[in-house]
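Numbering (the numbering used here), first residue to last: 183 to 409.
Just so it is clear, CB atoms sit at the ideal spot from N, CA and C, and this is done for glycine as well.
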């Protein structure tokens, strides 16, 4: 462990660690954005089609709920291996950053959908009824009422999603996805260089702390109830 604080250690491993950090950030950001492009509409539809909602549709709600629950129930490492053929077909490789993004999105999108559903369900029903009474369309209610009113909760949900995906990237590294997880396995486990492994752990902790701090502050700033 003491070698972590030496110039020789960083001269030898700084490039590898910097690349690992960059790969982890790329996987996390890209996967989160794509997962929200899929999960946000799913969460909105789940809320709108509830039995007491403005567009009740029990069959659609049940089918989407089943799909989301199935996606959330699979352990990520199993999901990633199972997706290898689909990943190879879609992006041309099942390894590296590109190969990791596909299963990361598949794993994160159902998670995002549930987070969005939970956040939107916190919106006061009276506000929704008032918008309906003024003749607002479904799209207007979603865009001008649901999403703005739930924004603080959605932001906090975004931090939870990002942190979960950071953890997934570390798992993905065990099967050749790159990033800090891959470095921890190759150097810490396979080569017995535990100092490198502990540095990757430290970097992951810092990432999580930064995400949590930034999103918590942002949530507080946009929460109208605290003004």
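Separation of residue 251 from residue 205, as counted between CA atoms: Here the question's residue 205 lines up with position 23 in the chain shown. Here the question's residue 251 lines up with position 69 in the chain shown. C-alpha separation (whole angstroms): 29 Å.
Is DSSP giving residue 400 helix, strand or coil here? Here residue 400 refers to the residue found at position 218 when the chain shown is read from its first residue. DSSP, read as helix, strand or coil, puts residue 400 in helix.
Using DSSP with H/G/I as helix, E/B as strand and the rest coil, what is residue 274? Start at 1 with the first residue of the chain shown, and residue 274 comes out as number 92. Residue state, collapsed to three classes: coil.
Measure the alpha-carbon distance for residue 392 versus residue 403 and round it to whole angstroms. For the purposes of this step, residue 392 is taken as residue 210 along the chain shown, with counting starting at 1. For the purposes of this step, residue 403 is taken as residue 221 along the chain shown, with counting starting at 1. Their Cα atoms are separated by approximately 17 Å.
Going by DSSP, what residue range makes up the alpha helix (DSSP H) through residue 352? Here residue 352 refers to the residue found at position 170 of the chain shown. Where residue 352 is concerned, the enclosing alpha helix (DSSP H) stretches over 329-354.
Alpha helix (DSSP H) runs wholly inside the segment 233-294, at least 4 long, in chain order: You should have 240-255, 258-264 and 266-273.
Give every residue of the same chain whose Cβ lies closer than 6 Å to the Cβ of residue 341, excluding the five residues on either side of it in the sequence, and list them in chain order. The residue you call residue 341 lines up with position 159 of the chain shown. Answer for residue 341: 393, 394 and 397, listed in chain order.
Can you name, in chain order, every residue of its own chain whose Cβ lies under 8 Å from the Cβ of residue 348, other than the five neighbours on each side? The sequence position of residue 348 within the chain shown is 166, counting from 1. Cβ neighbours of residue 348 beyond the five flanking positions: 206, 210, 386, 389, 390 and 393.
Segment contact flag, the segment 322-332 with the segment 213-220, C-beta cutoff 8 Å, min 3 pairs: The segment 322-332 vs the segment 213-220: no contact.
Where do the N-terminal and C-terminal ends of the alpha helix (DSSP H) with residue 189 fall, by residue? Residue mapping note: residue 189 aligns to position 7 of the chain shown, counting from 1. In the DSSP assignment, residue 189 falls within the unbroken alpha helix (DSSP H) covering 189-230.
Residue from 224, 274 and 384 with nearest C-alpha to residue 253: Taking the chain shown and counting its residues from 1, one reaches residue 253 at position 71. Comparing Cα-Cα distances from residue 253 to each of 224, 274 and 384, the minimum goes to 224.
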